[in-house]
Amino acid sequence: MASWRQRSLFLNRDEQDRNFKPPASTEKKNGNTKRIKRNKVQQRGVIVMAEEEALRKQADTVRRLKQEKASPEEITKQVSKLLEMKSAMHPEEGKHKFVLKTPKGTRDYNPKQMAIREKVFNVITQCFKRHGAETIDTPVFELKETLTGKYGEDSKLIYDLKDQGGELLSLRYDLTVPFARYLAMNKISNIKRYQIAKVYRRDNPAMTKGRYREFYQCDFDIAGHYDIMIPDAECLKIVHEILCALQIGDFLIKVNDRRILDGMFAVCGVPDTKFRTICSTVDKLDKMAWEDVKNEMIGEKGLAPEIADHIGEYVRLHGGLSLIEQLLQDPKLSQNKLAREGLEEVKQLFKYLDLFGISDQISFDLSLARGLDYYTGVIYEAILLQEPNDHVEESVGIGSVAGGGRYDGLVGMFDPKNRKVPCVGVSIGIERVFSIMEQKMEASEEKIRTTETQVLVASAQKKLLEERLKLVSELWDSGIKAEILYKKNPKLLNQLQYCEETGIPLVAILGEQELKDGVVKLRDVVTREEVDIFRGKLVEEIKRRTHKPFQGGAAPCHHQKGGHWASTLQLMPLHIASCLALLCTQLFWDAPAL
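In the UniProt record's numbering, the protein residues as written are 1 to 594.
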């Protein structure tokens, strides 16, 4: 208990505190401090109100999208944005409410989607191998210097990496530049290669259109000194084979030549220094109307209106051999050495394509530019043609699915002595193809198997786990894809239902009587037919029932012309040996494997 003296001192000190008056300077300082604090509080209040208003609008956006039944991708995107805004307003709460998602422009693939992807990859790989290609692999990131200056205006889309070791690194933008670096490093001057791998671009992704920041490319390239247009024709044949085999719809392959483009720019009056930048603008014609492209040429690139109009007269042209003949007679274009050289070689290319029987789906198109700086000769791009389709959304069913061309100078950029290795290649845009196939399969309600299991080892009675384990091990050792359920005494009905759900075609059923007789009851899941098979003959019987004949040839395409030999009569100016070689090769590519 406090003494009287302690209480008195406390009361006196309290009274002194109440009567204390600070100096005038201190009062002024305290007043300023209070005013500053008050202003900060008011400002913070305004910020909070603005954040709450933005949060409310974002929530309204999410509700509106759900009411309008917008695409799941768009709803997910806006919901993620809403959650991020909430997390920013309440950081302490956000620590406990971390939003799990993939980075922008990327996605996960579930087992069904992966099954479709593997099917697509298999079709493409078999085509590449059928044409005699061997495969390589290169690092997913390269020295930044390796990639710099190879992509023109698209260089801004390259992902740069931070590295503590002192090297400036970038994620690969495509597979072509790393391939050229590989050739130069290893002093390789002759190879036919394919590569399937991921590349990375800081693009604005359109997920429903199959455009991502991380995606696969499937590349086929031929490097070496060969007679003109023969390797180029094979690359176009490969594109045709793959798109026919995938059956994703009608398509058209556009062809042009960078020399023709440069010649066209020259005769139209484009300054030499603006060739590449104008080429990048022309490359946007597949996404923009001509008027928008023209405005960009004039407004952003500083081109005179009359020059842009002159370019417009040319880029509207597209056709076949007759157009090439017409341009060879053009009074201006035919006088340009580069343009004439390009036209002569494209004319030769079309004759080879006619031998391959695919010229009906090839269009010589002067609007095709392909903005990458490393192309030096023929360029091409495959597009899906727009047509009514109930199975595929409009946003998915159209666009470029393959592209490529000749890049004779790229390898020399990496060689100290600038030794050039002529190269030509094509890249298949697998993500767009996959998006279309995925939606088609969903619309058709086709059941997709996610495993390749041929047989389930089952038991009809209890206490047969050891026998099931022995049998499944025998099947694995014999190369049979087999499974068991991970239960000691599973019910037979559950085992059969599992087969129906997963698409397993056969069930090997063990029972006490079967074990005594040395047989296994083999059941067909679809027909429910059962037959006793001697244990020693089981592997052979399973292989016989699940064997699928190998289809090694290119899938027939309903656009392809039938009379390869008849078209030869129109090609008398071509060297006879070249014609016969191309025709015979065409027959082998189209024929099923023996």
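A virtual CB, placed ideally from N, CA and C, is assigned to each residue, including glycine.
As the structure is a prediction and not an experimental result, all values here were calculated from the model.
Hey, quick one: how far does the beta strand (DSSP E) through V520 stretch, first residue to last? Within the sequence shown, the letter at position 520 stands for residue 520. From DSSP, the beta strand (DSSP E) with V520 extends over 519 to 524.
**Q.** Distance between C268 and D309 (C-alpha atoms, nearest Å)
**A.** If you number the sequence shown from 1, residue 309 lands on position 309. If you number the sequence shown from 1, residue 268 lands on position 268. Whole-angstrom Cα-Cα distance: 9 Å.
For R406, name the three-state secondary structure that DSSP assigns.
Along the sequence shown, one-based indexing puts residue 406 at 406. Here R406 sits in strand by DSSP.
Can you tell me whether DSSP reads I158 as helix, strand or coil? Stepping through the sequence shown from its first residue, residue 158 is reached at position 158. Coil, per DSSP.
So, at 8 Å on beta carbons, what are the nonlocal neighbours of residue 670 in its own chain, with the 5 sequence-adjacent residues on each side left out? Any property of residue 670 remains undetermined from this structure, which presents the chain solely from 1 to 594.
Whose C-alpha, out of L157, E445, K101, is nearest the C-alpha of D203?
Counting from 1 along the sequence shown, the entry for residue 203 is found at position 203. Answer by Cα proximity: L157.
Q.
According to DSSP, Y216 sits in a beta bridge with which residue or residues?
A. Looking up residue 216 in the sequence shown gives position 216. Answer by DSSP bridge pairing, in chain order: K198.
Practice problem: Would you tell me roughly how many angstroms separate the C-alpha atoms of V526 and K440, rounded to the nearest one? | Solution: Translated into the one-based positions of the sequence shown, residue 526 becomes position 526. Translated into the one-based positions of the sequence shown, residue 440 becomes position 440. Looking at the two C-alpha atoms, the distance is approximately 25 Å.
Please list the terminal residues of the continuous beta strand (DSSP E) segment that includes S459. Stepping through the sequence shown from its first residue, residue 459 is reached at position 459. Unbroken beta strand (DSSP E) run through S459: 455 to 459.
query: Do you know how far the Cα of R211 is from the Cα of A59?
result: For the purposes of this step, residue 59 is taken as the residue at position 59 of the sequence shown. For the purposes of this step, residue 211 is taken as the residue at position 211 of the sequence shown. Answer to the nearest angstrom: the Cα atoms are 27 Å apart.
Boundaries (first-last residue) of the beta strand (DSSP E) holding L169:
Along the sequence shown, one-based indexing puts residue 169 at 169. Counting along the chain, the beta strand (DSSP E) containing L169 begins and ends at 169 to 171.
How is the alpha helix (DSSP H) around G263 delimited, first residue to last? Counting from 1 along the sequence shown, the entry for residue 263 is found at position 263. Segment 258 to 268, the alpha helix (DSSP H) holding G263.
Quiz item: What residues match up with C423 in a beta bridge as DSSP calls it?
Solution: Indexing the sequence shown from 1 puts residue 423 at position 423. A223.
*Per-residue DSSP class, three states only, for A482*: As a first step, residue 482 must be located in the sequence shown, where it is residue number 482. Looking at A482 - three-state DSSP - the assignment turns out to be strand.
**Asked** Should N122 go down as buried or exposed, given a rule of 16 or more other Cβ atoms within 10 Å for buried?
**Response** Working through the sequence shown from its first residue, we reach residue 122 at position 122. The residue in question, N122, is exposed, as its Cβ has fewer than 16 Cβ neighbours within 10 Å.
**Item:** For A458 and Q495, believed in contact at Cβ under 8 Å, the rounded distance
**Value:** In the sequence shown, counting from the first residue as 1, residue 495 sits at position 495. In the sequence shown, counting from the first residue as 1, residue 458 sits at position 458. Confirmed, about 4 Å.
Quiz item: In or out: K187 buried (at least 16 other Cβ within 10 Å) or exposed?
Solution: Within the sequence shown, residue 187 is the residue found at index 187, counting from 1. K187 is classed as exposed because its beta carbon has fewer than 16 other beta carbons within 10 Å across all chains shown.
| Going by alpha carbons, who is nearest to G377 out of R406, K347, K57? | As a first step, residue 377 must be located in the sequence shown, where it is residue number 377. The shortest C-alpha separation from G377 is found at R406.
- [ ] May I ask you to list the residues that DSSP assigns as paired with L384?
- [x] Reading the sequence shown from its first residue, position 384 is the one you call residue 384. Paired residue(s): F251, G399.
- Message: Residues in the same chain with beta-carbon distance under 7 Å from D373, minus the five sequence neighbours each way, listed in chain order, please.
- Response: Taking the sequence shown and counting its residues from 1, one reaches residue 373 at position 373. Sequence-distant partners of D373 (beyond 5 residues in either direction) whose C-beta falls short of 7 Å from its own C-beta, in its chain, are K150, Y151, G152, R276.
Let's see if you can read the secondary structure: which residues bound the alpha helix (DSSP H) around I278? Within the sequence shown, numbered from 1, the residue matching residue 278 stands at position 278. Where I278 is concerned, the enclosing alpha helix (DSSP H) stretches over 275 to 282.
task = Tell me whether the beta-carbon of L506 lies closer than 8 Å to the beta-carbon of R523.
result = What you label residue 506 is simply residue 506 of the sequence shown in a count that begins at 1. What you label residue 523 is simply residue 523 of the sequence shown in a count that begins at 1. Result yes, Cβ atoms of L506 and R523 sit closer than 8 Å.
Original post:
With a CB to CB cut of under 8 Å and the five nearest residues on each side skipped, what residues in its chain are close to T106?
Top reply: In the sequence shown, counting from the first residue as 1, residue 106 sits at position 106. If we look at T106 and ignore the five residues flanking it on each side, its Cβ neighbours are Y212, R213, E214.
Practice item. Using a threshold of 8 Å, state whether the C-beta atoms of G404 and C235 are closer than that. Key: Position 404 of the sequence shown, counted from the start, is the residue given in the question as residue 404. Position 235 of the sequence shown, counted from the start, is the residue given in the question as residue 235. Yes, these two residues count as a Cβ contact at 8 Å.
Discussion item. So for T106, helix, strand or coil by DSSP?
Written reply: Position 106 of the sequence shown, counted from the start, is the residue given in the question as residue 106. Of the three classes helix, strand and coil, the one that applies to T106 here is coil, per DSSP.
Just to confirm before moving on: does the CB-CB distance between F251 and L349 stay below 8 Å?
Walking along the sequence shown from the start, residue 251 turns up at place 251. Walking along the sequence shown from the start, residue 349 turns up at place 349. One thing to note: F251 has its Cβ no nearer than 8 Å to the Cβ of L349.
Can you list the beta strand (DSSP E) stretches of 3 or more residues lying completely in the stretch 329 to 384, in chain order?
For secondary structure counted as the beta strand (DSSP E) over 3 or more consecutive residues, the stretch 329 to 384 holds these complete runs in sequence order: 362 to 365, 378 to 384.
message: Once the 5 residues before and after L143 are set aside, which same chain residues still bring their CB inside 6 Å of it?
response: As a working mapping, residue 143 is identified with position 143 in the sequence shown. Taken in chain order, the list of residues that qualify is empty.
**Cβ-Cβ separation, I222 to K198 (assumed contact under 8 Å), whole Å** = Walking along the sequence shown from the start, residue 198 turns up at place 198. Walking along the sequence shown from the start, residue 222 turns up at place 222. About 23 Å; that fails the 8 Å criterion.
Going by C-alpha distance, which of P490, T451, R535 is nearest L471?
Taking the sequence shown and counting its residues from 1, one reaches residue 471 at position 471. When C-alpha distances from L471 are compared across P490, T451, R535, the shortest belongs to R535.
### Boundaries of the beta strand (DSSP E) in which E530 is found, first to last residue
By 1-based counting over the sequence shown, the position of residue 530 is 530. DSSP places E530 in the uninterrupted beta strand (DSSP E) bounded by 530 to 534.
#### Entry: L569, buried or exposed, once every other Cβ within 10 Å from all chains shown has been counted against 16
Position 569 of the sequence shown, counted from the first residue, corresponds to residue 569. Reliability fails at L569, whose pLDDT of 34 lies under 50, so the model's placement of it is uncertain and no value is given.
Can you tell me which residues form a DSSP beta bridge with I509? By 1-based counting over the sequence shown, the position of residue 509 is 509. Paired residues: A458, K521.
**Prompt:** Span of the alpha helix (DSSP H) holding E467?
**Reply:** Position 467 of the sequence shown, counted from the first residue, corresponds to residue 467. That run of the alpha helix (DSSP H) goes 465 to 477.
Give me whichever residues DSSP pairs with E142 in a beta bridge. Residue 142 sits at position 142 when you count from the first residue of the sequence shown. BP columns for E142 point to S170.
| task | Report, in whole angstroms, the separation of the C-beta atoms of G248 and V433, which I expect to be a contact under 8 Å. | result | Position 248 of the sequence shown, counted from the first residue, corresponds to residue 248. Position 433 of the sequence shown, counted from the first residue, corresponds to residue 433. The amino acid occupying residue 248 in the given sequence is Ile; Gly does not appear at that position. Indeed they touch by this definition, with Cβ atoms about 6 Å apart.
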